[in-house]
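So the structure is just underneath, and the comments pick up after that.
Protein chains in written order, with the working numbering: chain W, 6 to 114; chain C, 10 to 124.
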């Protein structure tokens, strides 16, 4: 069963435009949700997790249990935000993550 | 080292051959994970070690896949009788402790191509 859905394979925006990367999940329990990012020629790394409720590099993500969503947002995109973004769900215990297929974000100048 | 180290970075092999992929986690991290990433997909969980023991191997696709971590540090993922469908990037990750949700630190991956 598809647990994490990222409906967009590619999202292309202009510098300074708002960004929203969509993530929907399927899980009846209390989810732990994450966004991981992979910049060009770098390794996969944690961007943010929902329980931290913090903003990282201007990005925020709010867990909406009613809509089972965890969309990633940034008000003003920067060129350095261009990367592959993965939404991930931890269902059972620490770090047995289920990843979405990822969304490529391209920020154009 | 400063991060999770994986070797080889690239491995090309023929169908039916045996392959070993190595992971050296961040020093002091007790939890080690293997994930597999096929083209166009996100990483998929394979196996999780807490110390020397495999705490959860439910993601291993079949009995051709096996992993060890004999001294609680370096881990080796072993694939027997490789098939073309095994072609993927194999990612290793470590975290400070297992059983709790924390930051996963990933290696750069080992790209396996089975011809």
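Glycine residues also receive a C-beta, built at the ideal position from the N, C-alpha and C atoms.
What you are looking at is a predicted structure, and each value in this text was computed from that prediction instead of being measured.
Which one of the options has the shortest CA to CA distance from residue i?
i: residue 49 of chain W; options: W:39, W:24, W:55, W:56; result: W:39
i: residue 14 of chain C; options: C:21, C:34, C:24; result: C:34
i: residue 96 of chain W; options: W:54, W:10, W:68, W:33; result: W:33
i: residue 22 of chain C; options: C:83, C:65, C:90, C:71; result: C:90
i: residue 93 of chain C; options: C:11, C:56, C:26, C:12; result: C:26
i: residue 85 of chain W; options: W:11, W:19, W:12; result: W:19
i: residue 98 of chain C; options: C:11, C:71, C:30; result: C:30
i: residue 115 of chain W; options: W:83, W:53, W:77; result: Missing from the structure shown is residue 115 of chain W; chain W here goes from 6 to 114 and no further.
i: residue 66 of chain W; options: W:45, W:17, W:114, W:24; result: W:24
i: residue 102 of chain C; options: C:57, C:123, C:62; result: C:57
i: residue 42 of chain C; options: C:73, C:80, C:86, C:24; result: C:86
i: residue 70 of chain C; options: C:81, C:122, C:55; result: C:55
Just checking: is the beta-carbon of residue i within a distance shorter than 8 Å of some beta-carbon in chain W?
i: residue 40 of chain C; result: yes
i: residue 96 of chain C; result: no
i: residue 121 of chain C; result: no
i: residue 69 of chain C; result: no
i: residue 5 of chain C; result: Missing from the structure shown is residue 5 of chain C; chain C here goes from 10 to 124 and no further.
i: residue 25 of chain C; result: no
i: residue 100 of chain C; result: yes
Is the Cβ of residue i closer than 8 Å to any Cβ of chain C?
i: residue 48 of chain W; result: yes
i: residue 107 of chain W; result: yes
Can you tell me whether residue i is buried or exposed, with buried defined as 16 or more other CB within 10 angstroms of its CB?
i: residue 36 of chain W; result: buried
i: residue 15 of chain W; result: exposed
i: residue 127 of chain C; result: Nothing in the structure corresponds to residue 127 of chain C, since chain C is present only between 10 and 124.
i: residue 9 of chain C; result: Nothing can be reported for residue 9 of chain C, as the shown portion of chain C is limited to 10 through 124.
i: residue 95 of chain C; result: buried
i: residue 101 of chain W; result: buried
i: residue 44 of chain W; result: exposed
i: residue 114 of chain C; result: buried
i: residue 48 of chain C; result: exposed
i: residue 81 of chain W; result: exposed
By the criterion of Cβ-Cβ separation under 8 Å, what are the contact partners of residue i in chain W?
i: residue 52 of chain C; result: 49, 91, 102, 104
i: residue 57 of chain C; result: 100, 101
Given the structure, does residue i come close to the ligand MN, in the sense that its CB is under 7 Å from one of the ligand's heavy atoms?
i: residue 16 of chain W; result: Looking at this structure, you won't find the ligand MN or any other ligand, since it has none at all.
Starting from residue i, find everything on chain W with Cβ-Cβ shorter than 7 Å and list it in chain order.
i: residue 112 of chain C; result: 51
What residues from chain W crowd round residue i, counting only those whose CB sits closer than 9 Å?
i: residue 49 of chain C; result: 14, 106, 107
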